[in-house]
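The structure appears right after this line, and notes come after that.
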Amino acid sequence: MTAFVNQLPIGLSIGAVLLLIALGLTFTFGQMGVINMAHGEFIMAGAYTAFLLGDLVLALPVAFLVAGLMGLVLERAAIRHFYGRPLDTLLLTWGVSLVLQQLARDLFGAPNVQVPAPSWLTGGVGILPYNRLFIMGLAVAGVVAVWAYLTRTGLGRRTQAVVQNRQLAATSGIDTGRVDMLTFFIGSALAGVAGVALTLIGPVGPALGTYYIVDAFLVVVAGGLGQLRGAVLAAIGLGLLNSYAEFWSDASLAKVVVLAVVIAFLQVRPQGLFVLRSRALT
Amino acid sequence: MLSVSGLESGYGRARVLFGVSLEVGPGQLVCVMGRNGVGKTTLLNTVMGVLPATAGTVMFDGRDVTRLKPHERVRLGMGYVPQGHQCFPQLSVLGNLLVAVEAAKQPKEVIDEALEIFPALRPLLKRSAGHLSGGQQQQLAMARALVTKPRLLILDEPTEGIQPSIILEIEAAIERLHASGPAVLLVEQYLDIALRLADTFVILDGGHVVRTGAAEELHREDVRRLLAV
Amino acid sequence: MIRAHLPFATVAVIALVAAPLLLEPFRLGLLAKYLCYAIVALGIGLAWGQGGMLTLGQGVFFGLGGYSMAMYLKLTEAGGGLPDFMVWSGVESLPALWAPFASPVFALGMAVAGPALLAVLLGTLVFRQRVRGAYFAILTQALAAAMVILLVGQQGLSGGTNGMTNFFELFGQDLAQDSTQRGLYLVVACVLGGLYLATRQLVHSRYGRLLVAVRDGEDRVRFLGYDPALVKTVTFAISAGMAGLAGALFVPVVGIISPALLGVVPSLELVVAVAVGGRHALAGAVLGAVVMGYAKTAFSEQFADGWLYLQGALFILVMTLAPKGIVGIAGRLRRARTP
Amino acid sequence: MLELRDVQVVFDGFRALDGVDLTVPEGELRFLIGPNGAGKTTLIDVITGLTRPAAGSVRFEGYDLVGRKEHQIVRLGVGRTFQTSVVFEELTVIENLDLAASFRRPLWSLARRRRGVSEAVEQALARTGLEELAERSAGVLSHGQRQWLEIGMLLAQRPRLLLLDEPVAGMSKDERERTGELLTQIADEHTVIVVEHDMEFLRRHASKVSVLHEGKVLVEGSVDEVSADPRVQEVYLGRRPSDVVGERP
Amino acid sequence: EPAAGSDEIKVGLLHSLSGTMAISEVTVRDAELLAIEEINKAGGVLGKKLVPVVEDGASDWPTFAEKATKLIRQDKVATVFGGWTSASRKAMLPVFERYKALLWYPVQYEGLESSPYIFYTGATTNQQIIPGLDYLKEQGKKRVFLVGSDYVFPRTANKIIKAYAAANGMEILGEEYTPLGHTEYSTLVNKVVQARPDAVFNTLNGDSNVAFFKQLKSAGAASAENMPVLSVSIAEEEVTGIGVDNIAGQPVAWNYYQTTDTPANAAFVKAYKAKYGSGKVTSDPMEAGYNAVYLWAEAVKKAGSTEVEPVRKAAPGIALERPEGLVTIDGETQHMYKTARIGIVQPDGLIKQVWDSGKPIKPDPYLKGYPWAAGLSAGQ
Ligand SMILES: Nc1ncnc2c1ncn2[C@@H]1O[C@H](COP(=O)(O)OP(=O)(O)OP(=O)(O)O)[C@@H](O)[C@H]1O
Ligand SMILES: Nc1ncnc2c1ncn2[C@@H]1O[C@H](COP(=O)(O)OP(=O)(O)OP(=O)(O)O)[C@@H](O)[C@H]1O
Ligand SMILES: NC(N)=O
Ligand SMILES: [Mg+2]
Ligand SMILES: [Mg+2]
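Top to bottom, those sequences are chains W, A, S, V and C. Under the numbering used here, think of the first position of the first sequence as -7, with each following residue one higher. Under the numbering used here, think of the first position of the second sequence as 36, with each following residue one higher. Under the numbering used here, think of the first position of the third sequence as 180, with each following residue one higher. Under the numbering used here, think of the first position of the fourth sequence as 10, with each following residue one higher. Under the numbering used here, think of the first position of the fifth sequence as 8, with each following residue one higher.
Next up, the structure:
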């Protein structure tokens, strides 16, 4: 019984991890339509930043910048040639992700590295360790920041305008190039932050990104493209589902169950939890 | 104000414009006319920088803008309403207007001014622009260009799909607007409106200017003949 | 007419006559492997290049075909007993699922029909609900991930992570013989050639036009009186069947089938190959698979340590500089020469 | 032949159609006008299955259309064009038309190559004047040319009920003329509903007009009756009905 | 391509240099290269220099098979040193049998195998897992929870563990598998904690170990004293990545540690650090790979030839003093006599031996010498 009850906070904390890794995608994928397979490697960059600095708190802002700048370079060098072809970006960024993984292997070596957790994060409340609570807090903070950015600033509005009608945005006076850069910067930067947080619970190595990327996209898909509240609910839902499915069966089956549920769910809501319908035909 | 000379452009290997030249003087309203597919939209898109010019120049306010990006031209004071009631479908009507206002660094009050001209938009402010009817979207597009307070307004068939009474309003608005200063470059199929508004005509055919002249010089029947198939 | 078929005929002669004569057995075997992938790529070219369905789970279908064939091979080899991996996985009697695969006809049939049926099932579910674009891509990717986990978890049935290997003979032919391998190569090449011609026919037919229409304007197609979900499902099933057949051929050629061959990464690699070759042309898909396969082998042999850089870089360069792939570059060169 | 009863459409609480009753008998050319946002396009969407009504019935030749899928409705003989034209940009004009003409063939028979041009396509080409552009890909067409292609595709489908959403918007004078004649001709054997804002066009070609306002049919009648109606003047035509935009190039 | 001149012998090194397994395998390759360098410095084999041909298995089993074929048929190497996961070995096995070539496999594995064309220089189950279980039993740990990655080694190992438990009055409280590369262990930790076992037997592989130990540690409920986690796939190399804090005090089972006190080891560690950097550590699979090269070279010397059959015939009985102590090739199984060792992870990241088997244990891949294991190898 305790075990069963324990799964609830565990599910929420899994959801928080999912949310944290998917948050950046609501920008790059949701807002810009770029399926960035290198998102995982930006997470990895965040984690290695924490490793190099050896200090988690200091690493948060630095990783934000580091991953963000990597995103910026990627956007300028390659992705900007691909707007309007979202499926192609998937393949392009996958190539980038391969190169980044190999780069990490050469820079930091193939074995995992260790990031010391700050002492104030040892211990916990009930089944939830402080580091999980920290991640949950970070996820909440991230959601609030993203929400405010998207709905409370002109920048957020401009971002959406550019995605929805690039040409019209340009002829409405928006510097689409700058908006793209900024959006991609933020989306990637959020991945960096997630990477710092993940050092608390997972391995820090060249393959780090590959472990999270599929799940992150599932969250965005189930939530509805670019829908922050959708991503939040989907992350929590999938976290809980994962937690209980694994509790009753095993980790392998839980993954399969999660996928099956997402497919079944898309039968009911083909565009995810929240969808903005348009009258235009595609 | 706007001076286009020897402009050539097209799509890939297909050339559409062959050396188009035209002038829009300060406060002037120039109407571009021509049958379907002669290159009117292509001309406006090239003037706005959406399409690159392969030859020729576009001067605005004595400045060569041929190589500038569209948003830079907007910031210099060019406003554009493209053909086909375009909008940002998932932004609200207000959001559509705010985007333009912010990009042009105008005070929010200009929105109210635009809504006076298009009162039908007022109850729709919260609705997603993508859900509007075609005519509503076209009105929104006009309003969006107006809020940037352009010194040169470029309109591509602004009355298409709009109900008769509002066409009259738009006509009046254009008249008022252009009386208050800005120059206008207009593509219009409604000859009546064109004749009432235009100071100068430019008639295109096959990517060439076939006739240009002041409204007084051109008679209704001349224009008609030039536009016939 | 003759000129239109000249490129195909040239390639066919090279593939069927020159390659078996000139290449060492080991290299010919590798070429046979690339050609198996080319069959999958052809299906991807059809589904994605023509129909706009970016399927990131094609490895699943490839795997189903491969496993069907492997089950047949294992059963003939076990000759009534249990396949080796079942013994060390503690399975005591042959699972019912396995029994029919003792028949080569059933196994080969399932290699094609199994994937096609799965595609019909998935297609009916998702296309009817108008799930498409990135959603479809990510779902199929998750399918590949889930499939791997399922296979790995069912060690007694599937051989787990190891998959199945250690095959000795196919239809009485010793698989270790170079002559058998050469024969297999010829079979693969002929199957690829035949499927290429058939697919090309399909693409140039009305159906092909309809497919393009569905890709570019699914909603509009409905108002022309067609059911896009049906068109997509049929196309998806065809491409899945091709992948399955390729998998079945792959197993005797390469001698192993394992979850590693059908997961997210190999599925993506195939799509990447199609993109590199040029997804809008079927020849591009085939070419891409062969080129990327060869590049991977060559790079990893020459630079065992850093070949991923080269692979990634090659791919990024082609994608950015030549969005239409190698075929697109070739087309541009040809046009430049003929004024 | 087409009968709508008390059709209601609600979007997030907004009543786009608020109890529309409309009957269009066989062989009639019916014009539909009304203010922007009155619900004209929505009405066509409801008939063709794009939008599902919250209430009401739509019957066509005895079939209930509500709840049917779009392509099933097309197969019953209902075709439409779109206010913002959508054509298949990678296909040539002929291929666009041919696809529209081929939907009654079984799927497997489509696997054969198209040889030549079918009669329906030939006719559509001729009627729309697209012969010269026949081999061009639709992606290079201008706005007006696309409008024509849409009409051509509708014709090639050979439906019994044709719904056209602002077909002449953006067309030049001559082309409007041709479209008008075409529609009159088609209406001899088919039922046609045209949404338009161009009153001059209506005057020349329309016999019966329905005016939609705020999701309801406001009045029905001849062009003259309708344009004389003060309510129509008030909500639709504006203050200068006499010299309202008439002349086109 | 280096031609095998009369004064050179080509040998293949086939490990994952990319992908998830690169973490572990790169260092094994490095150790093998060190051995080759040392042998060459000492005059080579039969007066010829060894020339390594390195290929990347890319953590992908079919690639291992392909590259093995390439090394044998294209490069015509005298022998291959390679593999880590059992899956890669199973994939290569038919290739070596088909072309009658030799593979030296350097990692502990699940047993139940002996191919005439493979020499196994790592431990089989009776040299690692069973001693590990004996150790737990000795410590009075009777209620055990099994945690493993979902593939053949952990599954087979656990089968053996369950048979052992049944025969030795131990109780298995749970058996959980997670996919390779799995990183979310909160649910599993909850299950383990709730089951309150005396010990956990851990056959997780690779990166999962990092996540598992971090999350187990932060759950706070388990400590090395009240609930030790005995691991068989964590060596010195992995400890840094897991974080010493998270694993210090936990037991592991191997045949060799960097701290193993033999003269040969002192030399090995010194040479390794000199070549690859003083911060580097050595580990059991590295040492087994390093040994493999020496054992093969010895067999070649004895046979006077690099041909496969003479080498196979010459190999049985070869005994060398290696860093882990005396290693002897068992002719019957082509496995090695090896000394089993239990160690405890130290705060400095090294592993200190707390128990050993005293002498090399005869390899018994089919566990024929254990009555309780009779059912396991049925059918072989
Ligand atoms: N994207 C494109 N690619 C290639 N050709 C194009 C493209 N867009 C338009 N064209 C061609 O360029 C010519 C001019 O098109 P444009 O849109 O400028 O015409 P227009 O005068 O605005 O016509 P309309 O009155 O129908 O809007 C047309 O013949 C058209 O076929
Ligand atoms: N999905 C939707 N969500 C919300 N409102 C909608 C939606 N679709 C249509 N509407 C609203 O319904 C009303 C009717 O729209 P409709 O497109 O039918 O008008 P219309 O008569 O065709 O106008 P126009 O002449 O401008 O084309 C409009 O006010 C529109 O904003
Ligand atoms: N042999 C192993 N550890 O897979
Ligand atoms: Mg135009
Ligand atoms: Mg409308």
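Glycine is no exception: its CB is placed at the ideal position from the N, C-alpha and C atoms.
Per DSSP, the unbroken beta strand (DSSP E) holding A:His243 starts and ends at His243 to Ala249. Taking 7 angstroms as the cut-off, one finds no heavy atom of ligand 5 near enough to the beta carbon of V:Thr93.
Exposure of V:Phe23 is indicated by the presence of fewer than 16 other C-beta atoms within 10 angstroms of its C-beta. Taking W:Leu84 as the centre and dropping the five residues before and after it, the same chain places the C-beta of Ala70, Ile71 and Phe74 closer than 8 angstroms to its C-beta, in chain order.
Separation of A:Gly69 and A:Phe236 (C-alpha to C-alpha, rounded to the nearest whole angstrom) is 10 angstroms. Residue side-chain check: V:Ser219 keeps its Cβ at 7 angstroms or more from all non-hydrogen atoms of ligand 5. Here the alpha carbons of S:Leu195 and W:Val213 stand approximately 46 angstroms from one another. Relative to ligand 5, V:Thr50 has its C-beta within less than 7 angstroms of a heavy atom. In terms of Cα proximity to A:Arg231, the closest of A:Ala218, A:Glu206 and A:Glu107 is A:Glu206. The Cβ atoms of C:Ser23 and C:Gly64 sit closer than 8 angstroms to each other. Within chain S, no C-beta atom comes less than 8 angstroms from the C-beta of C:Thr86; the nearest is roughly 18 angstroms away. In the DSSP annotation of this structure, the continuous segment of the beta strand (DSSP E) that includes A:Phe236 starts and ends at Thr235 to Asp240. Residues of the segment 303 to 322 of chain S with a Cβ closer than 9 angstroms to any Cβ of chain W, in chain order: Leu304, Val305, Arg307, Gln308, Arg309, Val310, Arg311, Gly312, Ala313, Tyr314, Ala316, Ile317, Leu318, Gln320, Ala321 and Leu322.
Per DSSP, reduced to three states, the secondary structure at C:Gln360 is strand. Secondary-structure assignment with DSSP links C:Asn209 through a beta bridge to C:Val154 and C:Ser238. Under DSSP, the beta-bridge partners assigned to C:Pro59 are C:Val18.
C:Glu39 and S:Ala286 have their C-alpha atoms roughly 44 angstroms apart.
By the neighbour-count criterion, in which a residue is buried when 16 or more other Cβ atoms sit within 10 angstroms of its Cβ, C:Asp355 is exposed. DSSP places V:Leu171 in the strand class (E or B) of the three-state scheme. The shortest C-alpha to C-alpha distance from S:Phe478 to any of S:Val465, S:Phe494 and S:Ala368 is the one to S:Phe494.
For C:Val200, the closest alpha carbon among the candidates C:Glu191, C:Met234 and C:Gly213 is that of C:Met234. Look at V:Ala47: its beta carbon is less than 7 angstroms from one of the heavy atoms in ligand 2.
Closer than 8 angstroms to the CB of S:Met343 there is not a single CB belonging to chain W. Of all C-beta pairs linking the segment 165 to 184 of chain W to the segment 118 to 125 of chain A, fewer than three are shorter than 8 angstroms, placing the two stretches out of contact.
Boundaries around W:Gly3 are those of the alpha helix (DSSP H), Thr(-6) to Leu17, since no beta strand (DSSP E) includes it. For A:Ser168, the Cβ falls inside the 7 angstroms cut-off from some heavy atom of ligand 5.
Under the Cβ distance rule, W:Gly16 does not count among the residues neighbouring chain C, no pair being separated by less than 8 angstroms. Using a CB distance below 9 angstroms, the part of the segment 186 to 210 of chain S facing chain C consists of Glu203, Pro204, Phe205, Arg206, Gly208 and Leu209, ordered along the chain.
For S:Leu329, the chain W residues whose Cβ falls inside 8 angstroms of its Cβ are Ser244 and Val248, in order along the chain. Taking all protein chains in view, the Cβ of W:Leu92 is crowded by 16 or more other Cβ atoms within 10 Å, so the residue is classified as buried. With contacts defined by Cβ atoms closer than 8 angstroms, W:Ala208 and W:Ile13 form a contacting pair. Chain A has no Cβ within less than 8 angstroms of the Cβ of W:Gln23. The alpha carbon of A:Arg102 has as its nearest neighbour, out of A:Asn71, A:His254, A:Met83 and A:Pro142, the alpha carbon of A:Met83.
For V:Arg14, the enclosing beta strand (DSSP E) covers residues Leu11 to Phe20.
Under the Cβ distance rule, A:Tyr115 counts among the residues neighbouring chain W, one pair being separated by less than 8 angstroms.
Residues of the segment 371 to 388 of chain S with a C-beta atom less than 7 angstroms from some C-beta of chain V are Leu381, His383, Ser384, Arg385, Tyr386 and Arg388, listed in chain order.
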